[in-house]
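Okay, structure first, notes after.
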């Protein structure tokens, strides 16, 4: 805990540095801290905050910049996620009012929306594929050796899975297989796919086996991670090596999925620098929020930026978007 004056000065340093990216001196703190003390007193407090590990001085006679400890105090001291500006709220409302026929399209577009709102790369983890029951399904022929398994889930989300066959498959075979699949899977989850039935028709049995195996594999998949605004990495980080390291992490889906799961498992909504436990992200911060379907946490969204990110804005954005995404997936 910091005494009130030190806390106010530290908040002023962090806010000024987030806005300017320049080391902050006592004069700038005096202008915005709202504390009726002299600049000499502020300088003394800045020295104490540096000694306590909240600030560092890049070089002699320069102002101070926050450390991870300083950012952590600032984030933990925030009264809440804040409120989105009216224009941003309207943008979010308009986005979720539009029709999104396919789940993956909506999640990919949501990651882009998050990136547009924050100016940073954003990630959306897809819901657990086995969370929703299947409302309807159909096998649609796309050619002699290719079919599409179209699933409509209980929340209205649409899944499309391609099936390839070595032998030619006729439309009549697909129709019969659709009837058997519907009887077995409607009202069930993907992981509840039964052993392929024996119908007495080898062609139908072959299609059923392939379709049910695909459903089982799909249910067992890790969540998909949709990354929006990856190109913005170059805008928010100045160091070329760091840009490449961050892009490399974003391209490795298993790392992204594991990172977001770990953050939420630790009960955090913001991780700063080394708290990410990934060395390439030591100079980054991540703001994460889960979203719910029917009251159950099924996925998460996140914004990735420098440790000097605008935390109040990022927290407000992920709070609103995660809630609206969950509502949209719940109602279909």
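In the working numbering, the protein residues as written are 1211 to 1542. In this text, a Cβ means the ideal position worked out from N, Cα and C, and glycines have one as well. All values reported here derive from a predicted model rather than from experimental measurement.
Whole-angstrom C-beta distance between residue j and residue i, which should lie under 8 Å
i            : j            : result
residue 1442 : residue 1330 : 6 Å
residue 1227 : residue 1276 : 6 Å
residue 1344 : residue 1363 : 6 Å
residue 1429 : residue 1400 : 4 Å
residue 1327 : residue 1298 : 6 Å
residue 1469 : residue 1488 : 6 Å
residue 1424 : residue 1384 : Actually they do not touch by this definition, with Cβ atoms about 14 Å apart.
residue 1422 : residue 1369 : Not confirmed; about 15 Å, so no contact.
residue 1394 : residue 1404 : 6 Å
residue 1218 : residue 1244 : 7 Å
residue 1513 : residue 1530 : That belief does not hold up - the Cβ atoms of residue 1513 and residue 1530 are roughly 12 Å apart, past 8 Å.
residue 1557 : residue 1515 : With the chain represented from 1211 up to 1542, any question about residue 1557 goes unanswered, as that position is not in the structure.
residue 1490 : residue 1459 : 5 Å
residue 1347 : residue 1392 : 6 Å
residue 1222 : residue 1242 : 5 Å
Other residues of its chain near residue i: CB distance less than 6 Å, five sequence neighbours each side excluded
i            : result
residue 1492 : 1483, 1484
residue 1278 : 1482, 1483
residue 1397 : 1343
residue 1409 : 1415
Beta-carbon contacts of residue i that lie in its chain and below 8 Å, excluding the five residues immediately before and after
i            : result
residue 1308 : none
residue 1432 : In this prediction, residue 1432 scores a pLDDT of 46, lower than 50, which makes its location untrustworthy; no coordinate-derived value is stated.
residue 1502 : 1508, 1536, 1540
residue 1318 : 1334, 1436, 1438
residue 1543 : This structure cannot settle anything about residue 1543, because the visible part of the chain is limited to 1211 through 1542.
residue 1231 : 1518
residue 1233 : 1227, 1267, 1268, 1272, 1273, 1274, 1275
residue 1288 : 1521, 1522, 1525
residue 1258 : 1216
residue 1444 : 1453
residue 1302 : 1294, 1323, 1327, 1530, 1531, 1534
residue 1426 : 1400, 1401, 1403
Residues that residue i bridges to, as DSSP identifies them
i            : result
residue 1177 : The shown model of the chain, from 1211 to 1542, leaves out residue 1177, and the question about it has no answer.
residue 1516 : 1494
Cutoff 7 Å; reference residue i; Cβ partners in own chain excluding five residues on either side
i            : result
residue 1249 : 1236, 1237, 1240
residue 1520 : 1228
residue 1350 : 1357, 1358, 1360
residue 1452 : 1493
residue 1538 : 1306
residue 1263 : 1277, 1279
residue 1316 : 1310
residue 1270 : none
residue 1447 : 1453, 1456, 1516
residue 1504 : 1540
residue 1260 : 1266, 1267, 1274
heavy atom of the ligand PLP below 7 Å from residue i C-beta
i            : result
residue 1457 : Ligands displayed in this structure: none; no statement on the ligand PLP is therefore possible.
Which residue spans inside the region 1309 to 1378 form an unbroken alpha helix (DSSP H) run of at least 4? Segments of the alpha helix (DSSP H) lying fully in the region 1309 to 1378: 1313 to 1328.
Are the region 1526 to 1533 and the region 1286 to 1303 touching by the rule of at least three beta carbon pairs closer than 8 Å? Segments in contact, yes.
Threshold first: 3 residues or longer. Then list the beta strand (DSSP E) segments lying entirely within the region 1211 to 1295, N to C. At a cut-off of 3 residues, not a single continuous stretch assigned as beta strand (DSSP E) sits fully inside the region 1211 to 1295.
Tell me whether the region 1401 to 1416 and the region 1368 to 1383 touch, counting them as touching only if at least three CB pairs, one residue from each stretch, are closer than 8 Å. With a cut-off of 8 Å, the region 1368 to 1383 and the region 1401 to 1416 count as touching, because enough Cβ pairs lie within range.
Any alpha helix (DSSP H) of 4 or more consecutive residues that is wholly inside the region 1432 to 1514: Annotation note: the region 1432 to 1514 contains the following uninterrupted alpha helix (DSSP H) runs of length 4 or greater, listed N- to C-terminal: 1443 to 1446, 1450 to 1461, 1463 to 1475.
Counting Cβ pairs closer than 8 Å, one from the region 1273 to 1287 and one from the region 1470 to 1489, do we hit at least three? Flag = yes, the region 1273 to 1287 and the region 1470 to 1489 touch.
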